[in-house]
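The structure under discussion appears below in the form of structure tokens.
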Amino acid sequence: MEPTKEKESEQTARQLPDSEVATTTAEGAEGAIDLEALLAGDEKAFEQLVIQESPRLFRVIVRILGDDDEAESILQETYLQAYQRMHTFRKESKLTTWLYAIGINLARASLRKSRRLSSLEDQEVEKMQPDFNRGMFVETPGAWDPSKITELSDRQQLVRRGIEQLPEDYRTIVVLRDIEEYSTDEVAQMLDISSGAVRVRLHRARGALRKLLDPHFRRQPAE
Amino acid sequence: MKALTILKTALGLAPGCKKVNEFLAEYVDGELDDKTRMQFEDHIGLCGCCNHYLDQYKTTISMTKETMEVNVPSQLAEHTLTFLRKNADFSGS
Ligand SMILES: [Zn+2]
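So the sequences go chain by chain: D and X.
Per our numbering, the very first residue in the first sequence carries number 1; after that it's consecutive.
Per our numbering, the very first residue in the second sequence carries number 1; after that it's consecutive.
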């Protein structure tokens, strides 16, 4: 797995006065898969892993790539690599975390090769965060009324387009955290970055999406 | 804002908008310790800006969740197993 470089601006530690951010623990059922059998090369156990994890892993890859056919072939390649590299699994993370890391890396490589680029740059995401002066908002956020866009499908279209515009690493974190609801620590392991970096990017991604939606959802001033 | 909260914020004893915003992900995701969470609640309860921002932030998250439906092909796992039988030393069942 190639190491992901942490972004410079994320290395400046954020600090809260005399408190620490509680860490979430990454645990949960691994399903009924017999890990020892799997590590010993048991095909039946591997088959179970394919059946159990394929739908969710497919959804993650589709949302990163935005291409169903390519996602299916990336899924197959992911399981092939996992099968061939099973002996390298060190039990330092959950098996699924290890599997998803393989899938996400393959999806990213495919995205780079196809040069499908998202329209926002990292610096733009940065600029879409609110401005503060002396610790207070410079501009008062105007109240929202999403129902002013009456059709649900139109609202969803706006959100979908917003997510597609995010740079890939931000989009991937939104998919894993906000859609698939993996814990911050699990996402950090899947992406091989720190939990702090996951939190910062997740926050910026949500802030950028909020900014993209703002002009559409802002309540009209009363006449 | 209440005078005491304003004073505390000015003295750096309570978080201001910027600090609250910086840790909004942790706040929303329930990852803050109790003391900090209560400080944030105090601020947000009294600050219209943070109140609106939080509301929009949460709306953004919930819309993200409901919007990205994916149809999973019905034979997905079976296709993968066929692929493995063809390309790896895998016979399966
Ligand atoms: Zn505020």
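Every residue, glycine too, gets a C-beta built ideally from N, C-alpha and C.
Looking from the CA of Leu7 (chain X), the closest CA among X:His43, X:Glu31, X:Ser74 belongs to X:His43. Across the set D:Tyr170, D:Arg199, D:Ala37, the C-alpha of D:Arg199 shows the shortest separation from the C-alpha of Ser183 (chain D).
A distance of 7 Å or more separates the beta carbons of Ala208 (chain D) and Val138 (chain D). The beta carbon of Gln75 (chain X) sits no closer than 7 Å to any beta carbon of chain D. Pairing Thr59 (chain X) with Gln156 (chain D) gives a Cβ-Cβ distance that is not under 7 Å. From the beta-carbon of His52 (chain X), the residues of chain D found nearer than 8 Å are Thr140, Pro141, Gly142, Ala143, Trp144. In the structure shown, Asn71 (chain X) adopts coil according to DSSP, grouped into three states. Residues of chain X whose Cβ lies closer than 8 Å to the Cβ of Tyr79 (chain D) are, in chain order, Thr80, Phe83, Leu84. Those residues whose C-beta sits under 6 Å from the nearest heavy atom of ligand 1 are, from N- to C-terminal order along the chain, X:Cys17, X:Val20, X:His43, X:Cys47, X:Cys49, X:Cys50. Look at the segment 85-118 of chain D: it has no residue with a C-beta under 9 Å from a C-beta of chain X. Between Leu81 (chain X) and Val60 (chain D), the C-beta spacing is not below 7 Å. The segment 142-162 of chain D and the segment 31-40 of chain X do not touch, with fewer than 3 CB-CB distances between them shorter than 8 Å. Counting only Cβ-Cβ distances below 7 Å, His203 (chain D) has contacts in chain X at Leu24, Ala25, in chain order. Separation of Ser54 (chain D) and Glu180 (chain D) (C-alpha to C-alpha, rounded to the nearest whole angstrom) is 14 Å.
Flagged as an interface residue toward chain D: Ala88 (chain X), by a C-beta distance shorter than 7 Å. Annotated as proximal: Phe217 (chain D) and Pro146 (chain D), with beta-carbon spacing under 7 Å. Closer than 7 Å to the CB of Gly16 (chain X) there is at least one CB belonging to chain D. Per DSSP, Gly207 (chain D) is one residue of the alpha helix (DSSP H) stretching across 195-217. A check of alpha carbon separations from Asp55 (chain X) across D:Gly142, D:Leu191, D:Ile102, D:Arg134 identifies D:Gly142 as the nearest.
Around the C-beta of Glu43 (chain D), 16 or more other C-beta atoms lie within 10 Å, and the residue is accordingly described as buried.
Taking all protein chains shown into account, Asn21 (chain X) has 16 or more neighbouring C-beta atoms within 10 Å of its C-beta and is therefore buried. Contact annotation: the segment 163-181 of chain D does not touch the segment 126-135 of chain D, with fewer than three C-beta pairs closer than 8 Å. Within chain X, the residues placing a beta-carbon under 9 Å from that of Ile163 (chain D) are Thr64, Thr67, Met68, ordered along the chain. By the Cβ neighbour-count rule, Arg219 (chain D) is exposed, with fewer than 16 other Cβ atoms within 10 Å of its own. Using a Cβ-Cβ cut-off of 7 Å, Ile193 (chain D) does not count as an interface residue toward chain X, since no Cβ of chain X sits closer than that to its own. Of all residues in the segment 53-67 of chain D, those with a C-beta nearer than 8 Å to a C-beta of chain X are Ser54, Pro55, Phe58, Arg59, Val62, Arg63, reading in chain order.
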